[in-house]
Every structure is written in structure tokens, then in C-alpha cells.
Amino acid sequence: MRRVLRPLPTLLLLLIFFGAWELYVDSGGVNNLILPAPHSVIATLYDDRGLLWSNFLVSAKEIVLGSLVAAALGFAMAISMHLLPRWRGAAYPLAIASQAIPVPILAVPLVFWLGFGLAPKLIVIAIVSFFSIVVTTMSGLATVDPALPKLMATFDATRWRTFRHVELPAALPGLFTGLKLTLVVAVIADVLAEQAGANSGLGYILLTAGPQLLTAEAFAAALILSLFAMLLFALLTAAERLTLPWAYQPRGDGRS
Amino acid sequence: MIGAPVQEQLDRGESDNVALDDVRRAFRSRRGTVVALERMSLRAQAGEIVAVVGPSGCGKSTLLELICGLQTPDSGSVRCAPAALMPQRDLLLPWASAIDNAALALRARGIGREEARREVTPWLKRFGLEEFARRRPGELSGGMRQRVSFLRSLLAGKPVLALDEPFASLDAITRAEMQGWLGHVLAEEVRTVVLVTHDVEEAVVLADRVVVMSPRPGRVVVDLPVALPRPRVRTDPAVVALRAQALVELGVGR
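From first to last, the protein sequence lines are chains A and B. Per this note's numbering, the first sequence starts with residue 11, numbered consecutively. Per this note's numbering, the second sequence starts with residue 5, numbered consecutively.
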């Protein structure tokens, strides 16, 4: 019963939020074309379901694949920086700098080089998202007690086997944490990438709906993106509990 | 089977498994040089259990790392047979089951998972851990974790075991049980043991010799032979007397 009741406070908050929004628009506080009332967003969601669904599929594919590229890139970078301190010294400052780049200035030349297809979206998502995966994976690697590599040395382990048995598994919870942080940002990155050049996707819908004063349609697209982010987050949490149950287990006596 | 690595050592006519002579080891830090060990000498014969007791920061961990070849001395000589470390606290891998943790030394040598498990299984049985083979460390008691940790280092197959305060994290009752258990295991599975501890009673109950170290820079103050029959009882007057003597040497007895 507890499990069933757990989302109740969230639903209650949503109800209050949308109720207040509905009342504000209905009472004439703002023009429906500037801020659509929730009921008209939901009506649009139904009326335009075909259009929204097909464009959602485009964006969903970009977001999921882009996050996977970001995960692979971020994980590989974290591992290589962990194993090669000199590479870390050279690359880490640049990775930080890459995060300060406003994405649109990159999105436009990427579209110029790679066209309206999937590739520029994946690159934009990967650039925006990989860094949080680098940071969380590296902090996972840092949780390894320095005595463990020493222990492995007295067991005559090679550097690779020490990494494989002692360090790599410790990095996995960090990878998951990074992915969770990344997914939400990946949604926004995908919208930016689509707005720089695309002919489908929810970001494209958002871009084209504005000038046509199809505000309710734009809000419906945004709502779908939010729900999708929540779904991905939930799936990822479930996958983490399934694959890394030990990360959720308290140690017997509470020592670290 | 029993004590095979040590037997090999004896067969080759090597009597000293651990030989440190006039060792100095210092560490430079921003605040200056810290001398961990100075004129430190220590010997352990094959199959001997030597306990090293001393105040905190007397270079005991440095001593073990020198024995294990993880550090080299600044001067003096260290000649040791291959040694496996048993680190302070259990440091088991939280994601791995008891059997996979115990098999770590085998995996470190490149033995596959299934073969390593097969090799470890009879040992788990012997150590009373059979039922817990598939449990992760988080599901084991403190005493069980220490047994897995000891088994992990034992299975490295090295003639020398360097034990770094193996039971320091346990409560007093479990610690006493584990000391009895370790004495029993080492009677069957002979190794040359250097046991660093701050528990003088543990040292006297388990060791053939108790080496008392000075505060930093660490060196040997006194080397007490413990010529008492085993298994030893901690309330035995002879044990109590030796314990008192070691405490006097540490400067805390009366």
C-alpha cells in the first residue's frame, strides 16, 4: 500500500500547480495565446496526437542515443584520466572549458557540416552531457581505498587486473549518477540542436509553433519532453537497482 | 598441503623469511621530514609468528609495506620472502560475494572466475563460511568479514603474511573469538607472520615473539620471546605477566 501512495504528494503538488494556472488564465489574467490554459494544452495533446507522437519518436531517439554517446565518451574519458595522470592534467581543464561554450554557436556549424539528420544532435547532446558523467565516474573511482591497489600489488596483480577487479566496479555507481544528471540536460540540448536545424522533432515543433501562435501546441510538446525525462529517470533508477544492488545495501555495521 | 609455501622455503634451507637490517625510512612533507623508521631491525624465521606492538604513528604500517615490497628503505637492507598483505579493516569489495572476495588473489593471478570459485569453496567450508559464500560483505558480520579478508590474503599463497591490525575494528568479544580462531588456523596453516597490533594481549596470546617499538622514529625497544604452550589462555598468569612486561616497555605499565 505504501508503494502505491508514494507518488501521491507529487500528484497533489501538480494538481495545485495546474489548478492555479487554469484559474489564472480562465479569469482573464493573461491572453490564452501567450499562456495557454492547461485544459487547452491537454486538448491539443489529444487533437495533435499524430503529429506530436511522430515528432516525439524523432526526439526520443536523439535523446536516448545522444545520452549513450555522452555516457560512452564520459566514461572513457574518466577512466583514461584516472589511469593516465598526464592526460588528465592536459584534458581536464579543456573538458571544463567545453562546458562554458554556449551550445547554439556550435549547433549552427554542426548543421552546416552534417546536415539536418541525427549526427549533429548526438554531438550537441554529447558535448553538453558528457562532463557530468566524467565528474561522477571519477568520484566513483576516487572512493577506492588506496590500500586496495597495495593489496593487489602484494597479490602480484597487473595494473589491468587491479583496474578490472578493484576500480572498474567502483566506477559504475558514478556512471549511473552521471547518466541521471545527464538525461534531463540532454532533453534541453536536443531541443537546442533541433532548433539550430531540423525538419522534425519536438524541438522543431517548439520552434515552428511560436511564430504561428500555436502556443498550446508548444506547451504540449514541452509537457511531453518533461514526462519523457521523468520516465527515463525512473527507468534508469530501476536499472541501477537491478544491476548494482550492492550500491543500495547498507554495510552491516554502518562503517564505510 | 599444510604450510606449503613455508615448507618450500625451509626445503631450500632458508631460515629467515623476513630480515630487516638497520633500516631507515623517512617521508618528506611540506612541514619537513618525518622519520618513520630509524635503525630498525627485525627478523622472522620461517613459520614464526612475530607480533609488533608500538604506540600510534611508530611506523608499523611502513614496516609492513617494506616487508611486502610496497616501499623501499632509504638505507639499510630489507630481504623478505614473498609476502601478502592483510590490510587494516577488511576492505572487502562491496559488490562481490564472500566467495569472490576470497578468490581475489587467484583472480589477480589471472585465474578465471569459475576455477577460482572451485578452488576457494573447500576453504570456505573449513573457515565456517560455506553458507555465506554468495552473500556480499554488507550482509556479513564483522567477524565473518575478517575471516574472508584473512582467507583472501592466505590464498595469495605467499610464505609471509603481513597482518595490519587485523581485528582492530571488531568489538572486544568478537575480537577475542577471532584471536582464538586465528591461532587455530595458523597452527594448521603454517606461515611466517608479522602481526602489527596495538593490542598487547593479542600479541602475547598469538605470537612466538613480541617486538615492542619506540615512538617515532620507530625502532625496536625490546624483543620478548613468548615460550608458552598453545593454545594460550589470556587469564593464564604467565600470559598476564608477559603482557604486563610489554606494557612496561611501552611506558604504560606500572
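Idealized CB from N, CA, C, for every residue including glycine.
Neighbourhood of residue i by C-beta, 7 angstroms cutoff - its chain only, sequence neighbours within 5 removed
i	result
SER266 (chain A)	Caution is warranted here: a pLDDT of 40 is assigned to SER266 (chain A), below 50, making its placement in the model unreliable, and no coordinate value can be reported.
SER50 (chain A)	ASN42 and ALA226
THR201 (chain B)	ALA55, VAL57, GLU169 and ALA207
VAL225 (chain B)	VAL216, MET217, SER218 and GLU253
GLY161 (chain B)	PRO9
ALA257 (chain A)	PRO183
SER90 (chain A)	TRP97
ARG236 (chain B)	VAL209 and VAL243
LEU133 (chain B)	ALA102, MET148, ARG151 and VAL152
ASP25 (chain B)	SER45, GLY80 and SER81
Burial state of residue i, where buried means 16 or more other Cβ atoms lie within 10 Å
i	result
GLN222 (chain A)	exposed
PHE154 (chain B)	buried
PHE165 (chain A)	buried
SER218 (chain B)	buried
ASN209 (chain A)	exposed
TRP63 (chain A)	exposed
GLY264 (chain A)	Here the model assigns GLY264 (chain A) a pLDDT of 41, short of 50, so the residue's position is not dependable, and the following value carries that caveat. It counts as exposed.
VAL123 (chain A)	Contrary to the premise, residue 123 (chain A) reads as Trp rather than Val in this sequence. The residue is exposed, with fewer than 16 neighbouring Cβ atoms inside 10 Å.
ILE177 (chain B)	exposed
GLY76 (chain A)	buried
SER60 (chain B)	exposed
TRP99 (chain B)	buried
THR168 (chain A)	exposed
LYS129 (chain B)	exposed
SER101 (chain B)	buried
GLY29 (chain A)	exposed
PHE8 (chain A)	With chain A covering 11 to 266 only, the question about residue 8 (chain A) has no answer from this structure.
LEU110 (chain B)	buried
ASP94 (chain B)	buried
SER19 (chain B)	exposed
ILE6 (chain B)	Since pLDDT at ILE6 (chain B) reaches only 44, below the 50 mark, its modelled position is unreliable, and the value read off the structure follows with that caveat. When all chains shown are included, ILE6 (chain B) counts as exposed.
GLU12 (chain B)	exposed
ARG203 (chain B)	This sequence places Asp at residue 203 (chain B); Arg is not what is there. Looking at its Cβ environment, which holds 16 or more other Cβ atoms inside 10 Å, ASP203 (chain B) is buried.
PRO163 (chain B)	buried
ARG223 (chain B)	buried
ARG59 (chain A)	exposed
ILE234 (chain A)	buried
VAL79 (chain A)	buried
Contact set for residue i: own chain, Cβ-Cβ below 6 angstroms, skip 5 residues either direction
i	result
ALA231 (chain A)	LEU212, ILE215 and LEU216
ARG29 (chain B)	ALA40, LEU41, THR66, PRO77 and ASP78
ARG261 (chain A)	Here the model assigns ARG261 (chain A) a pLDDT of 47, short of 50, so the residue's position is not dependable and the matter cannot be decided.
ALA199 (chain A)	VAL134, ILE135 and VAL138
ALA181 (chain A)	THR147, GLY150 and LEU151
LEU167 (chain B)	MET90 and LEU199
PHE171 (chain B)	ARG179 and MET182
For residue i, the residue or residues it bridges with in DSSP
i	result
GLY222 (chain B)	B:LEU41
GLY116 (chain B)	DSSP output for GLY116 (chain B) lists no bridge partner at all.
ARG28 (chain B)	B:SER79
ASP20 (chain B)	B:GLN49
VAL164 (chain B)	B:ALA87 and B:THR196
SER33 (chain B)	B:GLY36
Contact set for residue i: own chain, Cβ-Cβ below 8 angstroms, skip 5 residues either direction
i	result
ARG121 (chain B)	ILE103, ASP104 and ALA107
ALA47 (chain A)	TRP31, GLU32, VAL35 and ASP36
VAL74 (chain A)	LEU242
THR37 (chain B)	ALA30 and PHE31
LEU246 (chain B)	VAL208, VAL214, LEU228, VAL230 and LEU232
ASP162 (chain A)	Sequence inspection shows Met at residue 162 (chain A); the Asp mentioned does not correspond to that position. So the list reads ARG171, THR172, HIS175 and VAL176, once near-sequence residues are dropped.
Residue i beta carbon near the ligand ZN (any heavy atom closer than 7 angstroms)
i	result
LEU185 (chain A)	With respect to the ligand ZN, the structure offers nothing, as it holds no ligand at all.
- Looking at chain B, which residues of the stretch 145–175 of chain A have a Cβ within less than 7 angstroms of any of its Cβ atoms? So the list reads ASP155, ALA157, LEU158, LYS160, LEU161, MET162, ALA163, THR164, PHE165, ASP166, ALA167, ARG171 and HIS175, given in the order they occur along the chain.
- Query: Mind pulling the alpha helix (DSSP H) runs of 4 or more residues that sit fully within the stretch 81–128 of chain A?
  - Reply: Correct list: 95–108 and 113–124.
- Message: Ignoring anything shorter than 4 residues, give me the alpha helix (DSSP H) runs that lie fully in the stretch 166–247 of chain B, in order along the chain.
- Response: Correct list: 176–192 and 204–210.
- Interfacial residues, the stretch 184–200 of chain B to chain A, with Cβ spacing under 9 angstroms: Under the 9 angstroms Cβ criterion, the stretch 184–200 of chain B contributes no residue.
- the stretch 99–112 of chain B: which residues have C-beta closer than 7 angstroms to a C-beta of chain A, in chain order? Only those residues of the stretch 99–112 of chain B whose C-beta falls short of 7 angstroms from the nearest C-beta of chain A are listed: TRP99, LEU108, ALA109, ARG111 and ALA112.
- Starting from the N-terminal side, write out each stretch of the alpha helix (DSSP H) that is 4 residues or longer and does not extend beyond the stretch 43–103 of chain B. Counting only runs of 4 or more, we get 64–71.
- Contacting positions in the stretch 46–74 of chain B - beta carbon closer than 8 angstroms to chain A: Residues GLU69, CYS72, GLY73 and LEU74.
- In chain order, each alpha helix (DSSP H) run of at least 4 residues that lies wholly inside the stretch 151–211 of chain A: DSSP assignment within the stretch 151–211 of chain A yields the following whole alpha helix (DSSP H) runs of 4 residues or more, N-terminal first: 157–164, 169–172 and 178–206.
- Item | Residues of the stretch 116–150 of chain B whose Cβ lies closer than 8 angstroms to any Cβ of chain A, in chain order | Answer set for the stretch 116–150 of chain B: ARG140, PRO141, GLY142, GLU143, LEU144, SER145, GLY146 and ARG149.
- Query: Can you list, in chain order, the residues of the stretch 111–123 of chain A whose Cβ is nearer than 8 angstroms to any Cβ on chain B?
  - Reply: Near chain B, meaning a CB-to-CB distance below 8 angstroms, no residue of the stretch 111–123 of chain A qualifies.
- Item | Near-chain A residues of the stretch 73–87 of chain B (beta-carbon distance less than 7 angstroms), N- to C-terminal order | If the cut-off is 7 angstroms between Cβ atoms, the stretch 73–87 of chain B has LEU74 and ALA87 near chain A.
- Chain-ordered residues of the stretch 159–179 of chain B with a beta carbon less than 8 angstroms from chain A: Within the stretch 159–179 of chain B, the residues whose Cβ lies closer than 8 angstroms to any Cβ of chain A are, in chain order, ALA160, LYS162, ALA166 and SER173.
- Query: For the stretch 179–208 of chain A, which residues have a CB atom closer than 7 angstroms to at least one CB atom of chain B, in sequence order?
  - Reply: Residues PRO179.
- Task: Name, going along the chain, the residues of the stretch 242–258 of chain A whose beta-carbon falls closer than 9 angstroms to a beta-carbon of chain B.
- Result: Look at the stretch 242–258 of chain A: the residues with a C-beta under 9 angstroms from a C-beta of chain B are LEU254, PRO255, TRP256 and ALA257.
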